[in-house]
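As they're listed, the protein sequences go chains A and B. Heads up: the first sequence begins at 1 in my numbering, then just goes up one per residue. Heads up: the second sequence begins at 1001 in my numbering, then just goes up one per residue.
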Amino acid sequence: MTRFNALNLVKNALTGHKNWTEQWPESQPKAEYDVVIVGAGGHGLGAAYYLAKEHGITNVAVIDKGWLGGGNTGRNTTIIRSNYLYDESARMFDHSVDLWQNLSQELNYNVMYSNRGVLMLAHTVHDVQSFKRHVHANRLNGVDNRWLTPEECKEFCPPVNIAPDARYPVMGGALQERAGTARHDAVAWGYARGAAERGVDIIQNCAVTAIRRHPDGSVAGVETDKGFIKAKKVAVSASGHNSMVMETAGVRLPLESMPLQALVSEPIKPIFPCVVMSNAVHAYCSQSDKGELVIGSGTDQYVSYSQRGGLPLIEHTIAAISEVFPIFNRMRMLRKWGGITDNTPDRSPIVGKTPVQNLYVNCGWGTGGFKATPGAAHTLAWTVAKDEPHPINAPFTLDRFRTGRLIDEAAAAAVAH
Amino acid sequence: MIQIHCPYCGETLPELEFAYAGEAHIDRPESPSAQTDEEWAEFLFMRQNVKGPHFERWRHLHGCGRFFNAVRNTITDRFYITYKAGEPRPDLATLLEEDNK
């Protein structure tokens, strides 16, 4: 595989870019693997990459029913942050932000990580109190986050309307400067390239229809469109369809799948310097390097696999964006879409072992999985390789729904992740 | 916009008038103190999360305020039927057959 560097770039430019090697080969399934990962999104491909790189397990297949990175990896609004309230979440997401910092160098693939800062606006007294509590909790956990006055918010992000008579008055904001965005597709492609380089098979357009178990209960392999594939270990990371895949192994999960919508505007010149989230009114906005405003909406309230989502939510989001950023109220929107998120009752993920021996799950990331891609993948690979929890993913067990040790980010982190 | 039929009001109205209230036909345990932790986890948290026809509860929040049940296809978001709370679960095969006509 040709490395990306200045010398190779010049060399290939001189030969008309005809001699680049392929990023990952088109693989056909072998009869048996040490590890099969279901779902070729960022999380699954990342886990395969870290299994190969850090644990020396290279007889690995990542299987997807569509193309790689075609699910929620390619459907999110690319926001990366770690200002979560609870210790467990702060550790997980900050581990991820740590890995994001030099992921491009690590993968030799430009994931365009940009720590442009994430500003969360407070519109009510309750917002102010709760965000200040977040700021303090974050700082105790070593996570950067600080409080800005309305004027400082305006200075940091000029399009924000801080007029006192605004429909959603800005009473301040919490700013995490290390947070930002990345190019979502590149994350999947970079991990896929890195994993394939180390011998991992990436099998696309091949649906896993069931997980087969030995008579003693442990995992035997997966049934797929292309026949049965034997596997010593199976890890499931299939976002909105996790509960369906796991059901075939007899594991019930506390998940509900709901569409989360996003939309982009026509491209404009650079005007929006950071990410702004306004949880109270459901307006999340940043500007991509192409110039489009990337706008996040909320989830539908009902279980659905439609990958479209309901129109009332989009209407509400656009109304909120127009109020918070009046400068954008005549912009045209180009596209909208939905991704199917798998939500747990406490809005925290489930990462790790399951009641079935040698079966692992990475699910419940809900509306906030993209930012966690490197951290989730890194700790999942550890758990699969060693058959034990990583210190960071240890609290995120399936068993917490029986014991009651929930990690209740839902109330604290509001809706957006 | 999804249109939902309220079986109490007898009207078909936009989804904005309604609130989703989770999976239907989950019975609260008769003797809570006799339940094991596993049974509580099942009752409180585990859900079918069906891809296809889904039995669910809705509330006509901005209308009569009453809860009712519905069968909706979670792939297309189309409602097959809505029925009053307390009525028995309709037979799915019959519903789908009628829908195909």
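All C-beta atoms in this analysis are idealised placements derived from N, C-alpha and C, irrespective of residue type, glycine included. From a predicted model like this one, the values you see are computed outputs, not experimental measurements.
- Using beta-carbon distances, B:PHE1079 does not count as an interface residue toward chain A, since no partner is under 8 angstroms.
- As the crow flies, the alpha-carbon of A:ALA231 is around 16 angstroms from that of A:ASP64.
- Annotation: Cβ neighbours of B:ASN1049 in chain A (cutoff 7 angstroms, chain order): SER243, LEU255, GLU256, SER257, VAL303.
- Annotation: A:VAL324 is outside any beta strand (DSSP E); the continuous alpha helix (DSSP H) that includes it extends over 311 to 324.
- Against chain A, the CB of B:TYR1083 has no partner CB under 8 angstroms away; the residue lies outside that interface.
- Two segments are said to touch when three or more pairs of C-beta atoms, one from each, lie closer than 8 angstroms; by this definition the segment 245 to 255 of chain A does not touch the segment 264 to 280 of chain A.
- In the structure shown, A:CYS285 falls within a strand segment according to DSSP collapsed to helix, strand and coil.
- In the three-state DSSP reduction, A:GLY16 falls in the coil class, being neither helix nor strand.
- The beta-carbon separation of A:PRO374 and A:LEU99, rounded to 4 angstroms, stays under the 8 angstroms limit for a contact.
- The CB of A:ARG252 comes closer than 7 angstroms to the CB of MET1046 in chain B, given here in chain order.
- In the three-state DSSP reduction, A:MET112 falls in the coil class, being neither helix nor strand.
- When 9 angstroms is used as the limit between beta carbons, A:LEU359 is near no residue of chain B, the shortest such separation being about 17 angstroms.
- Residue-level contact check: B:ALA1093 does not touch chain A, since none of the beta carbons of chain A fall below 8 angstroms from its beta carbon.
- Your pair A:CYS153 and A:ASN242 does not check out as a contact, with CB atoms roughly 38 angstroms apart and the cut at 8 angstroms.
- Within the segment 362 to 396 of chain A, the complete alpha helix (DSSP H) segments at least 4 residues long are 373 to 386, listed from N- to C-terminus.
- Annotation: A:ASN393 to A:ASP94 spans about 12 angstroms, alpha carbon to alpha carbon.
- For A:GLY352 against A:TYR305, the beta-carbon gap comes to about 25 angstroms, at or over 8 angstroms, which does not count as contact.
- Interface residue (Cβ-Cβ distance to chain B less than 8 angstroms): A:LEU311 is classified as such.
- Secondary structure note for A:THR58: it is in no alpha helix (DSSP H), with a DSSP letter that is neither H nor E.
- Taken through DSSP and simplified to helix, strand or coil, B:THR1094 comes out as helix.
- Residues of chain A with a Cβ closer than 9 angstroms to the Cβ of B:THR1074 are, in chain order, SER257, TYR302, VAL303, SER304, TYR305, SER306.
- Within the segment 169 to 230 of chain A, the complete alpha helix (DSSP H) segments at least 4 residues long are 184 to 197, listed from N- to C-terminus.
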